[in-house]
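>
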Amino acid sequence: MARANAAYYAGRDPFADFITAPEISQIFGELLGAWCAVCGTGLGGVVRLVEVGPGRGTLMADMLRVLGRAAPDMTRTLSVHLVETSPRLREIQKQALARFGMPLQWHDDLADVPGGTFLLVGNEFLDALPIRQFVRTQAGWQEHFVRGTEWVLQDAPIVPADVADRGAAPGEIVETCPAAQSFVAEVAARLKRERGAALFIDYGTARSLPGETLQALREGRSASPLVEPGTADLTAHVDFATLATVAAAADVRCFGPIEQGRFLTALGAVQRGEALCTAAPGQAGAIRTGLDRLIAPERMGRLFKVLALASAECPIPPGFPETGEAGPHTGQGAGEP
Ligand code: SAH
Numbered sequence: 297m298a299r300a301n302a303a304y305y306a307g308r309d310p311f312a313d314f315i316t317a318p319e320i321s322q323i324f325g326e327l328l329g330a331w332c333a334v335c336g337t338g339l340g341g342v343v344r345l346v347e348v349g350p351g352r353g354t355l356m357a358d359m360l361r362v363l364g365r366a367a368p369d370m371t372r373t374l375s376v377h378l379v380e381t382s383p384r385l386r387e388i389q390k391q392a393l394a395r396f397g398m399p400l401q402w403h404d405d406l407a408d409v410p411g412g413t414f415l416l417v418g419n420e421f422l423d424a425l426p427i428r429q430f431v432r433t434q435a436g437w438q439e440h441f442v443r444g445t446e447w448v449l450q451d452a453p454i455v456p457a458d459v460a461d462r463g464a465a466p467g468e469i470v471e472t473c474p475a476a477q478s479f480v481a482e483v484a485a486r487l488k489r490e491r492g493a494a495l496f497i498d499y500g501t502a503r504s505l506p507g508e509t510l511q512a513l514r515e516g517r518s519a520s521p522l523v524e525p526g527t528a529d530l531t532a533h534v535d536f537a538t539l540a541t542v543a544a545a546a547d548v549r550c551f552g553p554i555e556q557g558r559f560l561t562a563l564g565a566v567q568r569g570e571a572l573c574t575a576a577p578g579q580a581g582a583i584r585t586g587l588d589r590l591i592a593p594e595r596m597g598r599l600f601k602v603l604a605l606a607s608a609e610c611p612i613p614p615g616f617p618e619t620g621e622a623g624p625h626t627g628q629g630a631g632e633p
């Protein structure tokens, strides 16, 4: 699956198959830019702005536009780091960001981003990382995986702890994403050494639940994950509770997960929408429709969750309730799904 997704992002235009929040409305990236301005100003000094899985570069462009206005001093010394594996998307990002005239660097993975104070943003990045699936049986566990072009089931005498703890009944599938867990652990380890904050936004659950969520999307429609690997986007819901536990185990401050609708509303999404409508009355309908898609509970507002990690020096990240700091091993509750 990891290889199928690398081939997919390298070879196709993913945005023909699905649409993400920054592509729906500029409000998303603008509010994240304001979030970075507050955290970065609070941290002080020279800041690296890191985006993981930057897609078409739209989110970074919207963030940089706001940062230039809201935090000009920070922006003057800012360096931009894009963690992206697809050469095709790197080229598109380069074109989208050239007009800012800022130093841009691309990296294959986070380990290549130099040390120092950093702000990291990842929208719909974690869901693209490969998962493992296990099936609970009367006798124990089996792993469900792809060999060649077929699904196989194989006895799994040892399963990861977060799989065993999920409370699955016999016959139920449990998914786990070791790659997302190690990515969050890597960010948390950096936040113990360096000043900074990280923001992850993705669709998923605030509590760990059993159930299958793996899906393949091609041109906006569901496809089989097995048909022509590399031609469809493979994603799975992100288990935010486990990721919050990973951060807490590393003794890093953790905020959320909270629902995207609540987060964006707290950051002023509605007010920003109205200001845009006043500035461009002819586009008011489209602006309000885009905003509704991002924040309405029955659209992306509830399914998408937001989780922040912060170093000890960082102010409480905007958008989270003041009491939103999760205690050790808890994901602060939000509604399901
Ligand atoms: N954040 C963007 C794009 C989301 S699509 C948006 O909101 O529009 C997922 C992105 O993650 C793509 O840019 C894809 O190429 C990238 N990606 C997927 N797996 C990756 C990996 N292992 N390392 C770095 N980037 C990856």
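My numbering applies: residue 297 is where the sequence shown begins, and numbers increase by one. For glycine and all other residues, C-beta sits at the position ideal for the given N, C-alpha and C. Treat the numbers as computed from the prediction; the structure is a model and nothing was measured.
(1) For the region 323 to 332 and the region 546 to 554, state whether three or more C-beta atom pairs, one from each stretch, are separated by less than 8 Å.
(2) State yes or no: is the C-beta of S520 nearer than 7 Å to some heavy atom of the ligand SAH?
(3) Give me whichever residues DSSP pairs with S518 in a beta bridge.
(4) Using a Cβ distance threshold of 8 Å, determine whether the region 531 to 551 contacts the region 571 to 584, with at least three qualifying pairs required.
(5) Report yes if the C-beta of F421 is less than 7 Å from at least one heavy atom of the ligand SAH; otherwise report no.
(6) How long is the line joining the alpha carbons of R486 and A476, rounded to whole angstroms?
(7) Give the straight-line distance between the Cα atoms of A484 and T371, rounded to the nearest whole angstrom.
(8) Does at least one heavy atom of the ligand SAH sit under 7 Å from the Cβ of E380?
(9) In chain order, what residues of the same chain have a beta carbon less than 6 Å from the beta carbon of P456, not counting five sequence neighbours either side?
(10) What do you reckon, is the C-beta of Y305 under 7 Å from a heavy atom of the ligand SAH?
(11) Ordered along the chain, which non-local residues of its own chain (more than five positions away) have a Cβ less than 7 Å from that of F616?
(12) Looking only at its chain, what residues have a beta carbon closer than 7 Å to the beta carbon of D404, apart from the 5 residues adjacent to it on each side?
(13) Let me confirm a value: P611 is counted as buried when at least 16 other C-beta atoms fall within 10 Å, else exposed. Which label applies?
(14) Please report the straight-line C-alpha distance between W447 and E326, rounded to a whole angstrom.
(15) Between M398, D358 and L345, which has its C-alpha nearest E319's C-alpha?
(16) Can you find the residues in the same chain that come closer than 6 Å, C-beta to C-beta, to L495, ignoring five residues on each side of it along the sequence?
(17) Identify whether T316 lies in helix, strand or coil by the three-state DSSP scheme.
(18) At a cut-off of 7 Å, would you count V480 as near the ligand SAH, judging by its Cβ distance to the nearest heavy atom?
(19) When burial is assigned at 16 or more other CB atoms within 10 Å of the CB, is S518 buried or exposed?
(20) For the alpha helix (DSSP H) containing C335, list its first residue and its last residue.
This is what the structure gives:
(1) Contact fails between the region 323 to 332 and the region 546 to 554, because fewer than three Cβ pairs, one in each stretch, are under 8 Å apart.
(2) No, the ligand SAH has no heavy atom inside 7 Å of this Cβ.
(3) L513
(4) no
(5) yes
(6) 15 Å
(7) 24 Å
(8) yes
(9) T472
(10) In terms of side-chain proximity, the C-beta atom of Y305 is found nearer than 7 Å to a non-hydrogen atom of the ligand SAH.
(11) F551, G552, I554 and A604
(12) T381
(13) exposed
(14) Each residue's Cα considered, the two are about 42 Å apart.
(15) D358
(16) V417 and A604
(17) coil
(18) In this structure, V480 has its CB at a distance of at least 7 Å from all heavy atoms of the ligand SAH.
(19) exposed
(20) Q322 to L339
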